[in-house]
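A.B. asks:
2 protein chains.
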Amino acid sequence: MAVKVLINGYGSIGKRVADAVAKQDDMEVIGVTKTKPDFEAKLAVEKGYKLFAAIPERKGLFEEKGVEIEGTIFDVIEDADIVVDCAPGGIGKDNLENIYKKYKVKAILQGGEKAKFVEDSFNALWSYDRCYGKDYIRVVSCNTTGLCRTFYAVDSVTDIVKARVVLIRRGADPNDAKRGPINAIVPNPPTVPSHHGPDVVSVVPKFEGKILTSAVIVPTTLMHMHSLMIETTGTTRDAILDAIEKTPRVFTVSAEDGLNSTATIIEYARDLGRPRYDLWEIPIWEESVNVVDNEVFLMQAVHQESDVIPENIDCIRAMLQMEDDNMKSIEKTNKSLGIK
Amino acid sequence: MAVKVLINGYGSIGKRVADAVAKQDDMEVIGVTKTKPDFEAKLAVEKGYKLFAAIPERKGLFEEKGVEIEGTIFDVIEDADIVVDCAPGGIGKDNLENIYKKYKVKAILQGGEKAKFVEDSFNALWSYDRCYGKDYIRVVSCNTTGLCRTFYAVDSVTDIVKARVVLIRRGADPNDAKRGPINAIVPNPPTVPSHHGPDVVSVVPKFEGKILTSAVIVPTTLMHMHSLMIETTGTTRDAILDAIEKTPRVFTVSAEDGLNSTATIIEYARDLGRPRYDLWEIPIWEESVNVVDNEVFLMQAVHQESDVIPENIDCIRAMLQMEDDNMKSIEKTNKSLGIK
Numbered sequence: 392m393a394v395k396v397l398i399n400g401y402g403s404i405g406k407r408v409a410d411a412v413a414k415q416d417d418m419e420v421i422g423v424t425k426t427k428p429d430f431e432a433k434l435a436v437e438k439g440y441k442l443f444a445a446i447p448e449r450k451g452l453f454e455e456k457g458v459e460i461e462g463t464i465f466d467v468i469e470d471a472d473i474v475v476d477c478a479p480g481g482i483g484k485d486n487l488e489n490i491y492k493k494y495k496v497k498a499i500l501q502g503g504e505k506a507k508f509v510e511d512s513f514n515a516l517w518s519y520d521r522c523y524g525k526d527y528i529r530v531v532s533c534n535t536t537g538l539c540r541t542f543y544a545v546d547s548v549t550d551i552v553k554a555r556v557v558l559i560r561r562g563a564d565p566n567d568a569k570r571g572p573i574n575a576i577v578p579n580p581p582t583v584p585s586h587h588g589p590d591v592v593s594v595v596p597k598f599e600g601k602i603l604t605s606a607v608i609v610p611t612t613l614m615h616m617h618s619l620m621i622e623t624t625g626t627t628r629d630a631i632l633d634a635i636e637k638t639p640r641v642f643t644v645s646a647e648d649g650l651n652s653t654a655t656i657i658e659y660a661r662d663l664g665r666p667r668y669d670l671w672e673i674p675i676w677e678e679s680v681n682v683v684d685n686e687v688f689l690m691q692a693v694h695q696e697s698d699v700i701p702e703n704i705d706c707i708r709a710m711l712q713m714e715d716d717n718m719k720s721i722e723k724t725n726k727s728l729g730i731k
Numbered sequence: 392m393a394v395k396v397l398i399n400g401y402g403s404i405g406k407r408v409a410d411a412v413a414k415q416d417d418m419e420v421i422g423v424t425k426t427k428p429d430f431e432a433k434l435a436v437e438k439g440y441k442l443f444a445a446i447p448e449r450k451g452l453f454e455e456k457g458v459e460i461e462g463t464i465f466d467v468i469e470d471a472d473i474v475v476d477c478a479p480g481g482i483g484k485d486n487l488e489n490i491y492k493k494y495k496v497k498a499i500l501q502g503g504e505k506a507k508f509v510e511d512s513f514n515a516l517w518s519y520d521r522c523y524g525k526d527y528i529r530v531v532s533c534n535t536t537g538l539c540r541t542f543y544a545v546d547s548v549t550d551i552v553k554a555r556v557v558l559i560r561r562g563a564d565p566n567d568a569k570r571g572p573i574n575a576i577v578p579n580p581p582t583v584p585s586h587h588g589p590d591v592v593s594v595v596p597k598f599e600g601k602i603l604t605s606a607v608i609v610p611t612t613l614m615h616m617h618s619l620m621i622e623t624t625g626t627t628r629d630a631i632l633d634a635i636e637k638t639p640r641v642f643t644v645s646a647e648d649g650l651n652s653t654a655t656i657i658e659y660a661r662d663l664g665r666p667r668y669d670l671w672e673i674p675i676w677e678e679s680v681n682v683v684d685n686e687v688f689l690m691q692a693v694h695q696e697s698d699v700i701p702e703n704i705d706c707i708r709a710m711l712q713m714e715d716d717n718m719k720s721i722e723k724t725n726k727s728l729g730i731k
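If you read the protein sequences in the order shown, they are chains A and B.
Just so we're on the same page, my numbering is the position in the first sequence counted from 1, plus 391.
Just so we're on the same page, my numbering is the position in the second sequence counted from 1, plus 391.
(1) My guess is that residue 612(A) and residue 562(A) are in contact by the Cβ rule of under 8 Å, so how many angstroms apart are they, rounded?
(2) Anything in chain B within Cβ reach of residue 514(A), meaning under 9 Å, just list it in chain order.
(3) Taking 7 Å as the threshold (C-beta atoms), are residue 555(B) and residue 555(A) in contact?
(4) Please state whether DSSP places residue 545(B) in a helix, a strand or coil.
(5) Since I believe residue 600(A) is in contact with residue 549(A) (beta carbons under 8 Å), could you give me their beta-carbon distance rounded to a whole number of angstroms?
(6) In angstroms, rounded to a whole number, what distance separates the CA positions of residue 649(A) and residue 690(B)?
(7) Please tell me whether residue 583(B) has its Cβ less than 7 Å away from any Cβ of chain A.
(8) What does DSSP give as the partner residues of residue 615(B) in its beta bridges?
(9) Tell me the DSSP secondary structure of residue 422(B) in three-state form.
(10) Name the residues in the region 555-588 of chain A whose C-beta lies less than 7 Å from a C-beta of chain B; which are they?
(11) What residues from chain B crowd round residue 689(A), counting only those whose CB sits closer than 8 Å?
(12) Taking the alpha carbon of residue 451(A) as the reference point, which residue from 615(A), 607(A), 489(A) and 428(A) has its own alpha carbon closest?
(13) Locate the alpha helix (DSSP H) running through residue 661(A), then write down its first and last residues.
(14) Beta carbon of residue 703(A), beta carbon of residue 467(A): below 7 Å?
(15) Closest by CA to residue 413(A), which one among 395(A), 402(A), 605(A) and 403(A)?
(16) Can you check the region 505-588 of chain A for any alpha helix (DSSP H) of at least 4 residues that lies completely inside it and give the ranges in chain order?
(17) Any beta-carbon of chain B closer than 7 Å to the one on residue 599(A)?
(18) Go to residue 674(A), then tell me how far its beta strand (DSSP E) extends in each direction, as first and last residue.
(19) Using beta-carbon positions only, say whether residue 483(A) and residue 500(A) come within less than 7 Å of one another.
(20) If you follow the beta strand (DSSP E) that residue 397(A) is part of, which residue opens it and which one closes it?
(21) Per DSSP, what are the beta-bridge partners of residue 601(B) in this structure?
(22) Count the other CB atoms within 10 Å of the CB of residue 669(A); is the residue buried (16 or more) or exposed (fewer)?
(23) Give the DSSP-derived three-state secondary structure of residue 476(A) in the structure shown.
(24) Select from 558(A), 442(A), 708(A) and 416(A) the residue whose C-alpha is nearest the C-alpha of residue 620(A).
(25) With distances taken Cα to Cα, identify the nearest neighbour of residue 565(B) among 425(B), 714(B) and 657(B).
(26) Within 10 Å of its beta-carbon, does residue 629(B) have 16 or more other beta-carbons around it, so buried, or fewer, so exposed?
(27) Nearest by alpha-carbon distance to residue 638(B): which of 586(B), 512(B), 718(B) and 458(B) is it?
(28) Can you tell which of 521(B), 726(B), 684(B) and 713(B) has the C-alpha that lies nearest to the C-alpha of residue 418(B)?
(29) Could you list the residues in the region 670-690 of chain B with a C-beta less than 9 Å from some C-beta on chain A, going in chain order?
(30) Leaving aside the five residues before and after residue 494(A) along the sequence, list all residues of the same chain whose C-beta is less than 6 Å from its C-beta, in chain order.
(31) Could you check whether residue 522(A) and residue 404(A) sit closer than 7 Å to each other, using their CB atoms as the reference points?
(32) As a quick exercise: from 456(A), 473(A) and 457(A), pick the residue whose alpha carbon is nearest that of residue 464(A).
(33) Given a limit of 7 Å on CB to CB distance, which residues of the region 641-652 of chain A reach chain B?
(34) Along chain A, in chain order, which residues have C-beta atoms closer than 8 Å to that of residue 435(B)?
(35) To the nearest angstrom, how far is it from the Cα of residue 692(B) to the Cα of residue 528(B)?
(36) Verify the CB distance criterion: does residue 611(B) have a CB-CB separation below 7 Å to chain A?
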C-alpha cells in the first residue's frame, strides 16, 4: 500500500517533490498546500492535486479567487504518514515546532533549515541508514547535496585529506524577478570559510575540519557552479572518472561536446525532455577532472531547483522504513524519474 | 628631460596608459595610435594627443572622417624612447617582430601576449630589477597583477607552501556589447589547473608548481574576483592584515561598510572622483581575511581595465633606467595618480 505524503508548500521545491512522489508506485500525494491562490495553486488543482490552504486564515482568499481547495492543512495532516515541508527557508523550523510535532507526524525539512532543529541531515548516499525510521529529518541544500555526491565518488576510491571548494552561486532562480545581483560579484558570505563546509559535515561527520569553502553570488539564474580542489592520500584521474561513472546522480559532461557552460547544460536538459528542464544529477566537466600531486581538481554545476528532489523521495523511504537498502531506493527513484 | 613614450593602440588600456604617462614629470606622450577614426580617436585629438594611424593603409579613413592625424606610426616611431603596445591580445607579438625590433625601439607588451615572446614579465613589486634596462618586456595581465601583489604581501610575512585560487572573471568590459555570457557560468578554461598559475610564475619563478588556479567567466562587467587559499609555513590574521597595509596597491575594504560587492566597490571609486572610475589598487575584503591551520584565506577584486596602468609606468622607468629603486618608482607613480 502506498504511503501518504503531504507536501506543505507548493513552490519551487514543493511542486517538484509532488510530481516526483506522484511517480512512485509506493507513495501517493494526499495533498499539497499553498499560502496564496496564485498560478501555481491553480496549476496544482488542474493537475489533480488536492489543494489545502497552508494558513487557515487565508482560506477565504482562495474562495474569493475561485481556486478550489479541500480545506486547510489541518483537515489533511492527520491522514499523512509524512509531511515534506517545502516552505521558504526558516519557516520549516516553525512548522516543525507548531504543526508536525503537535500532530505527531513525521516531517522532512529542506536545506534552508539548520541542522540543529532536526534529528539528522539526509543524503541518500551518505546518511540513509542514520535517518532510517527517524521522525524529523532535513534534506540538505542543493549545494551541499552536490558536494556530498562528488565527495562520495572521490571517497569511494581514496581518502580525502582536505577539500577546498569555491562555490559560484546563481543570484536568483529563473522565476525570481526581485533578487539580484544584475551586474556584480558578491562575496556571500564575505567571511571565509563559509558555512557550506560544516553543512557537508552535518551529513558526513568524518569530514569534520576537512572541508573548507568560500562562496560568491553572481548574476545568473540557471545553475550554481563549484570549483573543487580535493587533497587525497593518492589516486589517479582514471580512478576518479571511474568513480564518477559508478556513483549515482553524478555524470560527466564535455565542454568539447558543446556542454561548455551552465547555459548549454540546461539546453541539454531541455533537449532531453526533462520536466521543467530539471537536471537532478550533478554534471562534472570531464576536461576539468585532473589529479596533481594526489590532489583532485574538478568543476561541477548544480541545478539548484532540482538536485534535491530525488533525495526527498529516498528520505521518505528511509524515514518510513519502506526500503532498508539505500542503493535500492536510489535505483527505484532514479528509474521512476528517468535518471540513468 | 622627459622620456618620449609612444602608445600604440589607444583603446581600453592604451588611453589609460597615455593619461598616466601624461601625469608623470619624467615622461611625455609623443603620440598615440589608432586603427580607426572612432570616438576614442576623436577624444584623443580633443585631449591634445598627437594621433597617428596605426596601420598606414588606413590613413585615408581618418582623413575621410575629418579626424586630424599627424601621419602614421612610422612617422613617429623613430622619435620614441619606448613604445607601450596596447594592441589587442596576440597583435602585440606581431608588432614586436614586425615593427619594434625592426626600428630597434624598446617596447612594453600587455598581458594578452605570451611570456615566451619577451625577455621577461613585469610586476613592479617582484621583477623591476630583472627588467631594468631590458628592451622587450610584458606587463602581466590584470588577474596576474592582482595575484602578484597579494602574494607579495603574504610572502613578506611568511613562506607560501601552496596557493589555490579560483578566479571568477568578468564576462566583458563595460564598453563591450558583443561578448557574453548574459546568463551562464562558463568554466574557462574547462581544464584545471588554468594558465593563471604559470603566469604568476613567469613573474615569480620561486613559485614554480606552487600556484594552482581554476577560472570561470560570469555575466558581469565591473571587476574580476579571486578566492585565494594560501598554505603557508605559519602566520596570523593580524600579520596578513598588517602586510596588506604595508604593500603598495592593495588595500582592505569592509563588506560591513557597504563595500559588499564589486558594484559598491566601483561606486566607491566613482565617489573618489577617479578618472573613468579606475581602481588601480586591489581591494581585499577585510572580513574574508582568515588564517586556519596556517592557511591564509581571502577574497579580492580586480579592476580589469586599470590595475595594470601604474605597472606600465613603473615598467617604463625600469626599462629606460630612470630609477633603480622599484619602491621609489612605485611611490612616484602612485603620487602622480593619487594612489595613497
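From the three backbone atoms N, C-alpha and C, an ideal C-beta is built for every residue, glycine too.
C.D. replies: Reading from the atomic positions:
(1) Counted from its first residue, the first sequence places residue 612(A) at position 221. Counted from its first residue, the first sequence places residue 562(A) at position 171. Contact flag correct, Cβ pair sits at about 7 Å.
(2) Counting from 1 along the first sequence, the entry for residue 514(A) is found at position 123. Neighbourhood of residue 514(A) in chain B, by CB distance below 9 Å: empty, with the nearest CB roughly 24 Å away.
(3) As a working note, residue 555(A) is residue 164 in the first sequence. As a working note, residue 555(B) is residue 164 in the second sequence. In this structure, residue 555(A) sits near residue 555(B), with a CB-CB distance shorter than 7 Å.
(4) Position 154 of the second sequence holds residue 545(B). Helix at residue 545(B).
(5) Locating residue 549(A) in the first sequence gives position 158, counting from the first residue. Locating residue 600(A) in the first sequence gives position 209, counting from the first residue. Contact doesn't hold; Cβ gap of about 18 Å is too wide.
(6) Locating residue 649(A) in the first sequence gives position 258, where the first residue counts as 1. Locating residue 690(B) in the second sequence gives position 299, where the first residue counts as 1. The alpha-carbon atoms of residue 649(A) and residue 690(B) are separated by roughly 31 Å.
(7) In the second sequence, counting from the first residue as 1, residue 583(B) sits at position 192. The beta carbon of residue 583(B) sits closer than 7 Å to some beta carbon of chain A.
(8) Counted from its first residue, the second sequence places residue 615(B) at position 224. Residue pairing by DSSP puts residue 615(B) in a beta bridge opposite 693(B).
(9) Working through the second sequence from its first residue, we reach residue 422(B) at position 31. Note: residue 422(B) maps to strand in three-state DSSP.
(10) When CB distances to chain B are screened at a threshold of 7 Å, the residues of the region 555-588 of chain A falling below it are 555, 557, 559, 572, 574, 575, 576, 577, 578, 581, 582, 583 and 584, in chain order.
(11) Position 298 of the first sequence, counting from 1, holds the residue named residue 689(A). Ordered by position in chain B, the residues that pass the 8 Å Cβ test against residue 689(A) are 583.
(12) Translated into the one-based positions of the first sequence, residue 451(A) becomes position 60. That would be 428(A), whose Cα lies nearest to the Cα of residue 451(A).
(13) Reading the first sequence from its first residue, position 270 is the one you call residue 661(A). For residue 661(A), the enclosing alpha helix (DSSP H) covers residues 653-662.
(14) Here residue 703(A) refers to the residue found at position 312 of the first sequence. Here residue 467(A) refers to the residue found at position 76 of the first sequence. The Cβ-Cβ distance between residue 703(A) and residue 467(A) does not fall below 7 Å.
(15) Taking the first residue of the first sequence as 1, we reach residue 413(A) at position 22. With distances taken between Cα atoms, residue 413(A) lies closest to 395(A).
(16) With a minimum length of 4 residues, the continuous alpha helix (DSSP H) runs that stay inside the region 505-588 of chain A are 519-522 and 533-546.
(17) In the first sequence, counting from the first residue as 1, residue 599(A) sits at position 208. Closer than 7 Å: no.
(18) Here residue 674(A) corresponds to residue number 283 of the first sequence, with the count starting at 1. Per DSSP, the continuous beta strand (DSSP E) segment holding residue 674(A) begins and ends at 673-676.
(19) Position 92 of the first sequence, counted from the first residue, corresponds to residue 483(A). Position 109 of the first sequence, counted from the first residue, corresponds to residue 500(A). Yes. Within cutoff.
(20) As a position in the first sequence, residue 397(A) is number 6, starting the count at 1. Where residue 397(A) is concerned, the enclosing beta strand (DSSP E) stretches over 394-399.
(21) Here residue 601(B) refers to the residue found at position 210 of the second sequence. The beta-bridge partner set that DSSP reports for residue 601(B) is empty.
(22) One-based indexing of the first sequence puts residue 669(A) at position 278. The residue in question, residue 669(A), is buried, as its Cβ has 16 or more Cβ neighbours within 10 Å.
(23) Working through the first sequence from its first residue, we reach residue 476(A) at position 85. Strand at residue 476(A).
(24) Taking the first residue of the first sequence as position 1, residue 620(A) is located at position 229. Per the C-alpha coordinates, the member of 558(A), 442(A), 708(A) and 416(A) positioned closest to residue 620(A) is 558(A).
(25) Here residue 565(B) refers to the residue found at position 174 of the second sequence. Between residue 565(B) and the set 425(B), 714(B) and 657(B), the nearest pair of CA atoms involves 657(B).
(26) The residue you call residue 629(B) lines up with position 238 of the second sequence. Classification of residue 629(B): exposed, given that the 10 Å Cβ count is below 16.
(27) For the purposes of this step, residue 638(B) is taken as the residue at position 247 of the second sequence. Comparing Cα positions, the closest option is 718(B).
(28) The residue given as residue 418(B) occupies position 27 in the second sequence. Scanning 521(B), 726(B), 684(B) and 713(B) for the CA closest to the CA of residue 418(B) turns up 713(B).
(29) For the region 670-690 of chain B, which is checked against every Cβ of chain A, the residues closer than 9 Å are 676, 677, 678, 679, 680, 681, 683, 684, 686, 688, 689 and 690.
(30) Taking the first sequence and counting its residues from 1, one reaches residue 494(A) at position 103. Closer than 6 Å at Cβ, skipping near neighbours: 468.
(31) As a position in the first sequence, residue 404(A) is number 13, starting the count at 1. As a position in the first sequence, residue 522(A) is number 131, starting the count at 1. Result no, Cβ atoms of residue 404(A) and residue 522(A) do not sit closer than 7 Å.
(32) Within the first sequence, numbered from 1, the residue matching residue 464(A) stands at position 73. Considering only alpha carbons, the answer is 473(A).
(33) Taking 7 Å as the Cβ-Cβ cut-off against chain B, the residues of the region 641-652 of chain A that qualify are 646, 651 and 652.
(34) In the second sequence, residue 435(B) corresponds to position 44, counting from 1. Ordered by position in chain A, no residue passes the 8 Å Cβ test against residue 435(B), which lies about 28 Å from the chain.
(35) Within the second sequence, residue 692(B) is the residue found at index 301, counting from 1. Within the second sequence, residue 528(B) is the residue found at index 137, counting from 1. Straight across, the Cα-Cα distance linking residue 692(B) with residue 528(B) is about 25 Å.
(36) Locating residue 611(B) in the second sequence gives position 220, where the first residue counts as 1. Any Cβ of chain A closer than 7 Å to the Cβ of residue 611(B) would place that residue at the interface, and such an atom is present.
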